[in-house]
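Under my numbering, think of the first position of the sequence shown as 11, with each following residue one higher.
C-beta atoms are modelled at their ideal positions from N, C-alpha and C, and glycine is treated no differently.
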Amino acid sequence: MGDPRGSERKMRCGAVWWTENTLECCLKRPLGSEESCLATIFLDQYAGHACVNVSAIEDMKVHRMTKQQLWGPTFQEFTDPLFHVMLATRFCECSDPKDKVFAFMSISQGRDIYLYDWEVDFNYSLSTSELFKRFGIWDIVRCGSLRSLACATPSRSEQLRLPSWAPDWTRVEDINPFVHYSDKTRFSASGAIKKEAWFSHNGTVLHVEGSAIDSVGVLGPVPRFIKSTSLFQIDEGAIEQIVLINQWLQECWNIAAGGRHTMTARRYEEFRRTMTCSLTGDGYPAPEIYSEYFRKYLEFMKAAPSILRFCLCEPDDIVTPEYSFRTIDPLLAPIRYIRQTWDSRTRIGDVTIDRDPSGHVRSKEPINLSRAFHEWYNDNHNTGALIESSLYMWSRRRRFSRTQRGRLACVPKTAAVGDVIYILHGSEVPYVLRPSGDGSFIVIGECYVHGLMHGEALSLGDYKPQMLKIR
Numbered sequence: 011m012g013d014p015r016g017s018e019r020k021m022r023c024g025a026v027w028w029t030e031n032t033l034e035c036c037l038k039r040p041l042g043s044e045e046s047c048l049a050t051i052f053l054d055q056y057a058g059h060a061c062v063n064v065s066a067i068e069d070m071k072v073h074r075m076t077k078q079q080l081w082g083p084t085f086q087e088f089t090d091p092l093f094h095v096m097l098a099t100r101f102c103e104c105s106d107p108k109d110k111v112f113a114f115m116s117i118s119q120g121r122d123i124y125l126y127d128w129e130v131d132f133n134y135s136l137s138t139s140e141l142f143k144r145f146g147i148w149d150i151v152r153c154g155s156l157r158s159l160a161c162a163t164p165s166r167s168e169q170l171r172l173p174s175w176a177p178d179w180t181r182v183e184d185i186n187p188f189v190h191y192s193d194k195t196r197f198s199a200s201g202a203i204k205k206e207a208w209f210s211h212n213g214t215v216l217h218v219e220g221s222a223i224d225s226v227g228v229l230g231p232v233p234r235f236i237k238s239t240s241l242f243q244i245d246e247g248a249i250e251q252i253v254l255i256n257q258w259l260q261e262c263w264n265i266a267a268g269g270r271h272t273m274t275a276r277r278y279e280e281f282r283r284t285m286t287c288s289l290t291g292d293g294y295p296a297p298e299i300y301s302e303y304f305r306k307y308l309e310f311m312k313a314a315p316s317i318l319r320f321c322l323c324e325p326d327d328i329v330t331p332e333y334s335f336r337t338i339d340p341l342l343a344p345i346r347y348i349r350q351t352w353d354s355r356t357r358i359g360d361v362t363i364d365r366d367p368s369g370h371v372r373s374k375e376p377i378n379l380s381r382a383f384h385e386w387y388n389d390n391h392n393t394g395a396l397i398e399s400s401l402y403m404w405s406r407r408r409r410f411s412r413t414q415r416g417r418l419a420c421v422p423k424t425a426a427v428g429d430v431i432y433i434l435h436g437s438e439v440p441y442v443l444r445p446s447g448d449g450s451f452i453v454i455g456e457c458y459v460h461g462l463m464h465g466e467a468l469s470l471g472d473y474k475p476q477m478l479k480i481r
C-alpha cells in the first residue's frame, strides 16, 4: 500500500510504514540480528491476518463467478450474505470503522440487501455505535437470523456504547463462530421452531423467545494450545509447549471425569466430542474414526515429552538408523507401552490416560532406535494433526465446562460460573446469557453443549419457553 504522505514508495505493515529499502535491508540482515528480528515480528503479527482477508475476498470472487457462470450474470441469490462477508474480512483495518459495514456491501450484493433497508443505508453521518447497532437489528429482523449474537463482545469498549447483542466489528473476539460454518456443521439447536424476536426502547432491547436448559457449573482453564505437529524444531522450549498442552488436556479430562482418572466409554465419547465440538477442522461433522484418533492423540501427548527429551539427550541413537541398536533403552518402553495399552483398550469399556509408561517392562532384544522413533512419530503425526486441527479451530478460543446438570460444554472464554445456557428459538446453537439483576440478560456468546445441538432440548420435560429481554 502506498503512503500518500511522501514521494518515496512505502509499504504499510500494521501501523508501521516501511520504505522498500529499509524492509529489504532488514530482511537481508543475518538471522537473529536486531534488524531482522524487528521486521520478522511485524510481518509475523500482521501477515497472517492479511492472508485471511485476501483469501476470503478471493474465495467470494470465485464463488460469485461460478454461480454467475451457472445461472447468468444477473443472478445474485447465492452470493454471500453481508454478515458472512464482514466476518470473513474481520481482520481488515479501516481508517473509518463504519467501512467495516459500508465497504463490503458492494462485495456482498446479495438478495439480503434491498433499497428500503434503511438500517444499512449508506450514511456516514451516523456514529459507529449507531451503525453497528442498526446492522444487528437489520440482520436479526430483515434477514431473520440470530447469528450476530455469536459475535457478541461482552467486554465492550468505552468508545462504542453498544447493546450486548450488537457485535463490535472493530474487535470480534470469537473469530470462528459456529454460525459462520452453518452450511457445514448442520447444527440446529432450536429444531424447526421459528424465530420470535423484536426490539424496543429505541432499538436497544432485544426481545426473543427461548428456554433455559442448563447453567455453567465448572469452568476449565483458558486453553494453552498450539499445534504440536507444527513445531519444526524439537528443543526444550518445544517440549515445554507440549507439556502445557498436555496439562490443559488433563485438566479438561479431570473436569469431565469428576476428578477420577478413569471414565466410562460413554463419558469418554462425550468428552472427546465436546473437546472438538464434534467437528473436523474444516467444520464438517467429525466421523466416528475420530474417537480412535483422539485416544491415540492423548497417549501421544502424554508420552511425547519423555521420548523427545531422550532424543535431545542421546541424538546419535536417533540420527543413524543402521547402527542405532541398544539392548535396553528408554525409548522402546513408551512406544511398546502405547501400542500394547492401545490394543488392550479396544477390548475394555473404561478409558484411562493416567498409567505410567516408565513402569513397563523394557525389551532385551536389539532395537533400531531411529526406526522405532520414526515409526512411533509417523504413526501418530497424521491422525494427531487431524485432532489438533479440530482443537485449534473450535477449542482454542473457548473454555471446557461441566454444567450444573453434568453435561459437557464448550463455552466462551468470558463465561462465568452461574451463567445460563439458553436455547433461543430460531438459533442454530445454544447461547450463554448472563442475568443482569433487573430481569434482563446480556449476551456472552454461543456455545457447544453435547447432546443438545440438534433439537434434543425441545423434548426435555422442563423445556419452558418464555420471552427474554436482552440489553
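The alpha helix (DSSP H) that contains Y294, what's its start and end? That residue, Y294, is in no alpha helix (DSSP H); it is neither H nor E in DSSP.
What did DSSP end up calling Y441 once you bin it into helix, strand or coil? strand
Candidates R407, V95, L141, A98: closest to D106 by CA position: L141
Taking C-alpha atoms, which residue in G220, F383, E206, S137 lies nearest to D109? Here the closest residue by C-alpha is S137.
Determine the burial state of N212: buried for a count of at least 16 other Cβ atoms within 10 Å of its Cβ, exposed for fewer. By the neighbour-count rule (16 or more Cβ atoms within 10 Å), N212 is not buried but exposed.
Near H190, what residues of its chain come up, given a Cβ to Cβ distance below 7 Å and the 5 sequence neighbours on each side ignored? The answer, listed in chain order, is H94, L97.
With distance defined between alpha-carbon atoms, name the residue in I203, G293, A313 nearest to I520. Any property of residue 520 remains undetermined from this structure, which presents the chain solely from 11 to 481.
First and last residue of the beta strand (DSSP E) that includes W208? 207-210
Which runs of the alpha helix (DSSP H) fall wholly inside the region 258-317 and span at least 4 residues, in chain order? 275-285
With burial defined as no fewer than 16 other Cβ atoms inside 10 Å of the residue's Cβ, what is the status of Y303: buried or exposed? Of the residues assessed, Y303 falls on the buried side of the cut-off, its CB having 16 or more other CB atoms within 10 angstroms.
So what does DSSP say about Y191, is it helix, strand or coil? helix
Verify whether the separation of the beta carbon atoms of R409 and V232 is less than 8 Å. yes
Length of the line joining the Cα atoms of R157 and I150: 8 Å
Note down the Cα distance separating S405 from C287, rounded to an integer number of angstroms. 8 Å
Can you find at least 3 beta carbon pairs, one from the region 452-468 and one from the region 197-208, that sit closer than 8 Å? yes
By DSSP's criteria, E398 is part of a beta bridge. Which residues make up the other side? Paired residues: none, contrary to the question.
Output the distance between the C-alpha atoms of S43 and K143, rounded to the nearest integer angstrom. No answer about S43 holds up, because its pLDDT of 43 lies below 50 and its placement is not dependable.
For V444, does the count of other Cβ atoms within 10 angstroms reach 16, so buried, or fall short, so exposed? Going by the sequence as given, residue 444 is Arg instead of Val. It is buried - the Cβ of R444 has at least 16 other Cβ atoms within 10 Å.
By how many angstroms is the C-alpha of Q251 removed from the C-alpha of R270? Within the model, the alpha-carbon separation for R270 versus Q251 is close to 25 Å.
Beta-carbon spacing of S225, Q414 below 8 Å: yes
Rounded C-alpha distance that separates I223 from S400: Roughly 26 Å between the two C-alpha positions.
Beta-carbon within less than 7 Å of D472's beta-carbon, same chain only, minus the 5 sequence neighbours each way: which residues are those? Nothing listed; no residue qualifies.
Spatial neighbours of T163 in its chain, beta-carbon cut-off 6 Å, leaving aside the 5 residues before and after: Apart from sequence neighbours up to five positions away, the residues of its chain that approach T163 with a beta-carbon distance below 6 Å are D178, E183, ordered along the chain.
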